[in-house]
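Q: Please see the structure below; I have some questions.
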Amino acid sequence: MPAPMAEPQVLILALEGSRRLAVLADVERVIAAGGSATLVVNDIGKWRREKLPKQLRVVDLTKLELRLAPLAVEQMVLVRGPGFLFKAVGRGPLAGRSKKANRAYQRAFADRVHRRVGLPVYRRLFQPLYAKKGDPRLRLLDRYVLQPGRFDVLVVSDPGSMPAAATILADLTARNVAPTLCFDVGAVL
364 MPAPMAEPQV LILALEGSRR LAVLADVERV IAAGGSATLV VNDIGKWRRE
414 KLPKQLRVVD LTKLELRLAP LAVEQMVLVR GPGFLFKAVG RGPLAGRSKK
464 ANRAYQRAFA DRVHRRVGLP VYRRLFQPLY AKKGDPRLRL LDRYVLQPGR
514 FDVLVVSDPG SMPAAATILA DLTARNVAPT LCFDVGAVL
């Protein structure tokens, strides 16, 4: 059995979110060992009932995907533009009503248009172009998460994370910075 790592840097893939309690136990172990943990999820909504530690960095792939050019333009038109208008109109005594109207607009219109029109159009037209270079979300993860910090341990917490873990591990191995792969952080801490 290997010696425990000092201040381990751990990347936890939990794309399905099916083993939340086990993931949180792993996070607690990492923090107790003096390390830092980054949790990558597919949908942060599945985790809303869980109490996440403040030291945990959470990366939501759905939010990361909004950084792609087609979806960024859609978000600017649907969310940021109207949000700016609500903010401009809602100064002074109208501030409270303007915030409520903006939230209602987000729920009733912008989110629905994004789900029913924006995402299907993106998936139909743009995703095949991006897919030639690999999963765009994993490339974004590589750009924004894997590049800045080096990870000592890669934890695959559920079956849905296996393909992403294989891709990430292959990319990091090609760069000679492959982390230790495990399914439970207790195996290396």
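First residue of the sequence shown: 364, per the working numbering; consecutive thereafter. Idealized CB from N, CA, C, for every residue including glycine.
Could you give the first and the last residue of the continuous beta strand (DSSP E) run that contains A377?
A: For the purposes of this step, residue 377 is taken as residue 14 along the sequence shown, with counting starting at 1. A377 -> beta strand (DSSP E) spans Q372 to A377.
Q: Taking all protein chains shown into account, do 16 or more other C-beta atoms lie within 10 angstroms of the C-beta of A458, making it buried, or fewer, making it exposed?
A: By one-based count along the sequence shown, residue 458 stands at place 95. Classification of A458: exposed, given that the 10 Å Cβ count is below 16.
Q: How long is the line joining the alpha carbons of P491 and A388, rounded to whole angstroms?
A: Counting from one through the sequence shown, the residue named residue 491 turns up at place 128. Counting from one through the sequence shown, the residue named residue 388 turns up at place 25. Spanning the two alpha carbons is a distance of roughly 38 angstroms.
Q: So, using beta-carbon positions, are E428 and G397 closer together than 8 angstroms?
A: Start at 1 with the first residue of the sequence shown, and residue 428 comes out as number 65. Start at 1 with the first residue of the sequence shown, and residue 397 comes out as number 34. No, they are not a contact pair.
Q: In terms of alpha-carbon separation, which member of P522, L552 and L509 lies closest to L374?
A: Within the sequence shown, residue 374 is the residue found at index 11, counting from 1. For L374, the nearest C-alpha among the options comes from L509.
Q: Which one of R479, V480, V452 and G446 has the shortest CA to CA distance from N465?
A: The sequence position of residue 465 within the sequence shown is 102, counting from 1. Looking at the Cα atoms, G446 is the closest of the given residues.
Q: Do the CB positions of V452 and V422 come within less than 8 angstroms of each other?
A: Translated into the one-based positions of the sequence shown, residue 452 becomes position 89. Translated into the one-based positions of the sequence shown, residue 422 becomes position 59. No; because the gap between Cβ atoms is not below 8 angstroms, this pair is not in contact.
Q: Ignoring anything shorter than 3 residues or poking outside the segment 506-540, list the beta strand (DSSP E) runs there in chain order.
A: Whole beta strand (DSSP E) segments, 3+ residues: 516-519.
Q: Please classify V518: is it buried, with 16 or more other beta-carbons within 10 angstroms of its beta-carbon, or exposed?
A: To locate residue 518, count along the sequence shown from 1; it is residue 155. The residue in question, V518, is buried, as its Cβ has 16 or more Cβ neighbours within 10 Å.
Q: Which whole-angstrom value describes the C-beta separation of A527 and L501, a residue pair presumed to lie in contact below a C-beta threshold of 8 angstroms?
A: Sequence index remark: in the sequence shown, residue 527 carries index 164 (1-based). Sequence index remark: in the sequence shown, residue 501 carries index 138 (1-based). Contact holds; Cβ gap of about 6 angstroms.
Q: Within the same chain, show all residues whose beta-carbon is closer than 7 angstroms to that of M439, passing over the 5 residues directly before and after it, in chain order.
A: What you label residue 439 is simply residue 76 of the sequence shown in a count that begins at 1. Excluding residues within five positions, none has a Cβ falling inside 7 angstroms.
Q: Considering only residues of the same chain and omitting the five flanking positions on each side of T543, which have a CB-CB separation below 6 angstroms?
A: Working through the sequence shown from its first residue, we reach residue 543 at position 180. Contacts found: V516 and V551.
Q: According to the Cβ coordinates, are R392 and V548 closer than 8 angstroms?
A: In the sequence shown, counting from the first residue as 1, residue 392 sits at position 29. In the sequence shown, counting from the first residue as 1, residue 548 sits at position 185. Yes.
Q: Going along the chain, which residues of its own chain have a beta-carbon closer than 7 angstroms to the beta-carbon of W410, five neighbours each way excluded?
A: As a working note, residue 410 is residue 47 in the sequence shown. Answer for W410: G380, R383 and V404, listed in chain order.
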